[in-house]
Amino acid sequence: MKTFFTFITLSLFSSGTFATGLNGHDLSLYFSIPFIGILLSIALMPLFLSRLWHYHYGKIIAIWTLLFLFFTFYFFGLQPTIDLTVHAIIVEYIPFILLLLALFTVSGGILIKSEVISTPKLNVGLLAIGTLLASIMGTTGAAMLMIRPLIRANRQRQHATHTIIFFIFLVANIGGGLTPLGDPPLFIGFLKGVNFTWTVRHMLLPVLLNAILLLAIYYVIDNYYFRQQYGKIQANILMSKPHPVKVYGKFNIILLIAIVIGVLLSGIWQSSVSFSFLGVNIALQNLVRDGMFMLISLISIVITPKQVRAGNEFNWDAIIEVAKLFIGIFITIVPVIAILRAGSNGALAPLVSFVTSEQGNPINGRYFWLSGLLSGFLDNAPTYLVFFNLASGDANILMITMAKTLLAISMGSVFMGALSYIGNAPNVMIKCIATQHKINMPSFFGYMKWSVTILIPLFIINHLLFFNELA
Numbered sequence: 001m002k003t004f005f006t007f008i009t010l011s012l013f014s015s016g017t018f019a020t021g022l023n024g025h026d027l028s029l030y031f032s033i034p035f036i037g038i039l040l041s042i043a044l045m046p047l048f049l050s051r052l053w054h055y056h057y058g059k060i061i062a063i064w065t066l067l068f069l070f071f072t073f074y075f076f077g078l079q080p081t082i083d084l085t086v087h088a089i090i091v092e093y094i095p096f097i098l099l100l101l102a103l104f105t106v107s108g109g110i111l112i113k114s115e116v117i118s119t120p121k122l123n124v125g126l127l128a129i130g131t132l133l134a135s136i137m138g139t140t141g142a143a144m145l146m147i148r149p150l151i152r153a154n155r156q157r158q159h160a161t162h163t164i165i166f167f168i169f170l171v172a173n174i175g176g177g178l179t180p181l182g183d184p185p186l187f188i189g190f191l192k193g194v195n196f197t198w199t200v201r202h203m204l205l206p207v208l209l210n211a212i213l214l215l216a217i218y219y220v221i222d223n224y225y226f227r228q229q230y231g232k233i234q235a236n237i238l239m240s241k242p243h244p245v246k247v248y249g250k251f252n253i254i255l256l257i258a259i260v261i262g263v264l265l266s267g268i269w270q271s272s273v274s275f276s277f278l279g280v281n282i283a284l285q286n287l288v289r290d291g292m293f294m295l296i297s298l299i300s301i302v303i304t305p306k307q308v309r310a311g312n313e314f315n316w317d318a319i320i321e322v323a324k325l326f327i328g329i330f331i332t333i334v335p336v337i338a339i340l341r342a343g344s345n346g347a348l349a350p351l352v353s354f355v356t357s358e359q360g361n362p363i364n365g366r367y368f369w370l371s372g373l374l375s376g377f378l379d380n381a382p383t384y385l386v387f388f389n390l391a392s393g394d395a396n397i398l399m400i401t402m403a404k405t406l407l408a409i410s411m412g413s414v415f416m417g418a419l420s421y422i423g424n425a426p427n428v429m430i431k432c433i434a435t436q437h438k439i440n441m442p443s444f445f446g447y448m449k450w451s452v453t454i455l456i457p458l459f460i461i462n463h464l465l466f467f468n469e470l471a
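Note that our numbering gives residue 406 to position 406 of the sequence shown, counting from 1, and the numbers run on in steps of one.
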């Protein structure tokens with residue numbers, strides 16, 4: 001999925017990418033039941049058993065996780081079960097949660113105040129800025145930086161739900177498609193040999209097209225709600241007023257830049273030094289990066305004035321919820337990714353053959369949809385890697401003779417994380433923060449009504465424009 005797991009995947013490159021010890025060739029789809037159970041719990045229990053879910057979601061996730069570990073122990077034995085769990089926690093989960101913790105802590109120490117009622121133009125401006133920042137500092141960084149100012153600007157608006165939904169579409173997903181810094185799949189491509197400039201040149205038009213169309217759709221919707229609330233005359237007066245802005249906690253901006261440097265460092269610096277812990281090799285650059293994240297979080301906590309965090313209504317609830325949800329998903333998703341990696345020899349072979357013609361040529365439109373739909377509910381980084389290797393695995397071939405295929409994989413993996421709350425880490429964080437600020441966010445399927453209604457037609461346009469295929 002663009003799964004909640006934003007830059008955590010960067011930690012996998014130097015330690016046997018996505019190694020788990022499970023052979024996807026041997027796995028039945030039954031092993032995916034706990035993962036599907038977690039997804040269904042997240043989707044349905046807040047709707048039908050909201051009180052139980054609210055107070056016991058951590059225990060529910062733990063039950064599904066333990067069920068998967070029991071299956072693994074029963075069929076494969078104790079050691080593979082331990083290896084899988086240790087790998088998922090140490091190599092994947094801990095780097096992921098430390099990154100989110102750093103971004104959450106630092107962004108919560110930046111207070112952007114403006115004593116105005118948000119207007120459609122102001123909201124479009126904030127969304128556009130966040131979309132641009134997403135390709136510079138990553139979708140998670142941009143989302144954590146911009147969500148609170150956006151919520152604060154809309155605190156007097158009767159209808160703010162649509163604003164948060166479009167924020168997820170643009171800042172948490174599509175905005176990250178312009179550079180390898182924006183989203184993990186593109187960074188994986190960069191490390192696999194895809195030129196930085198190739199990504200910028202080929203993704204520029206898709207990102208611009210989708211961003212402009214979404215901003216235009218948003219403006220129409222927001223303008224309707226704005227004029228409905230204030231009336232035409234008062235709305236015109238409010239829209240003509242200037243919007244003075246004050247920023248507090250500016251030192252945290254430096255810390256935010258340091259986080260981006262830490263992410264880049266772990267991907268570009270390939271040290272030959274590694275350390276073994278519980279049978280897992282941890283590369284020096286990843287250890288340094290994770291140490292940086294912890295230090296940055298601590299510095300932000302110490303130096304940020306309490307009144308700044310109070311102004312942001314900052315608390316730890318959102319990061320705690322994300323931490324509980326993701327540890328289960330990181331462990332139970334292992335067999336799903338392993339089956340996908342098995343390609344035509346795995347239980348999902350029909351999906352793999354779906355993207356190849358009888359002549360053995362790639363069907364680019366199908367690459368776009370399949371990589372995208374899987375990224376909407378699985379981890380987008382390994383999904384990208386699976387299709388990258390399925391198409392060729394050679395960056396030079398993909399950039400030159402199979403550029404359309406690489407573009408399809410890149411667009412699908414990045415853009416379609418917006419299809420569900422579980423499509424990308426920032427999606428869930430944004431929902432949690434918005435809910436804490438009393439914004440009535442839709443349920444899992446309620447959100448998908450928005451995403452399917454707005455994004456699927458948009459992606460069909462993408463399909464026809466960029467791949468010129470009806471199949």
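Where is the CB? At the ideal position from N, CA and C, for every residue including glycine.
Can you check which of these residues, the options, is closest to residue i by C-alpha distance?
i	options	result
residue 179	173, 200, 67, 168	200
residue 481	419, 457, 440, 74	No answer is possible for residue 481: it lies beyond the span of the chain, which begins at 1 and ends at 471.
residue 260	145, 194, 320	145
residue 279	39, 87, 31	87
residue 432	42, 223, 33, 34	42
residue 97	322, 153, 62, 61	322
residue 424	363, 360, 212, 182	182
residue 291	265, 306, 252	265
residue 170	202, 125, 154	125
residue 445	401, 286, 39	39
residue 216	163, 315, 294, 103	163
residue 329	165, 61, 44, 74	61
residue 455	314, 165, 157, 136	165
residue 318	46, 437, 127	437
residue 271	421, 174, 45, 284	284
residue 58	277, 320, 358	320
residue 441	29, 46, 22	46
residue 485	29, 49, 30	Any question about residue 485 goes unanswered here, given that the chain covers just 1 to 471.
For residue i, which residues from the same chain have a beta carbon less than 7 Å from its beta carbon, with the 5 sequence-adjacent residues on both sides left out?
i	result
residue 85	69, 331
residue 32	335, 336
residue 37	64
residue 103	140, 141, 144, 259
residue 404	364, 467
residue 373	416
residue 19	Bear in mind that a pLDDT of 41 at residue 19, under 50, signals an unreliable position, so the number given afterwards is only what the model happens to contain. Here the set comprises 87.
residue 357	363
Return the CA-CA distance between residue i and residue j, expressed in angstroms with no decimal places.
i	j	result
residue 55	residue 210	39 Å
residue 250	residue 142	15 Å
residue 198	residue 399	7 Å
residue 327	residue 378	14 Å
residue 136	residue 254	14 Å
residue 392	residue 185	16 Å
residue 390	residue 355	10 Å
residue 460	residue 314	39 Å
residue 508	residue 71	This structure does not reach residue 508, given that the chain is present from 1 up to 471, and the question cannot be answered.
Quick check: is any heavy atom of the ligand NAD less than 7 Å from the C-beta of residue i?
i	result
residue 416	Although the ligand NAD was asked about, the structure shown includes no ligands whatsoever.
Report, in whole angstroms, the separation of the C-beta atoms of residue i and residue j, which I expect to be a contact under 8 Å.
i	j	result
residue 480	residue 226	The requested residue 480 is not part of the displayed model; the chain covers only 1 to 471.
residue 172	residue 119	That belief does not hold up - the Cβ atoms of residue 172 and residue 119 are roughly 23 Å apart, past 8 Å.
residue 151	residue 434	6 Å
residue 428	residue 351	Actually they do not touch by this definition, with Cβ atoms about 26 Å apart.
residue 34	residue 65	7 Å
residue 157	residue 229	7 Å
residue 417	residue 375	6 Å
One question on the structure: do residue i and residue j come within less than 8 Å of each other, judged by their Cβ atoms?
i	j	result
residue 426	residue 27	no
residue 160	residue 439	yes
residue 106	residue 296	yes
residue 339	residue 347	yes
residue 384	residue 409	yes
residue 345	residue 304	no
residue 381	residue 188	yes
residue 24	residue 341	yes
residue 113	residue 246	yes
residue 224	residue 127	no
residue 293	residue 99	yes
residue 422	residue 147	no
residue 361	residue 222	no
For residue i, which residues of its own chain have a beta-carbon under 6 Å away from its beta-carbon, when the five flanking residues on both sides are left out?
i	result
residue 275	282
residue 111	248, 249, 308, 311, 312
residue 395	192, 193, 194
residue 75	none
residue 131	170, 171, 175, 211
Spatial neighbours of residue i within its chain, please: C-beta separation below 8 Å, excluding the five flanking residues on both sides.
i	result
residue 206	177, 407, 411, 415, 462, 466
residue 458	210, 213, 214
residue 273	283, 284
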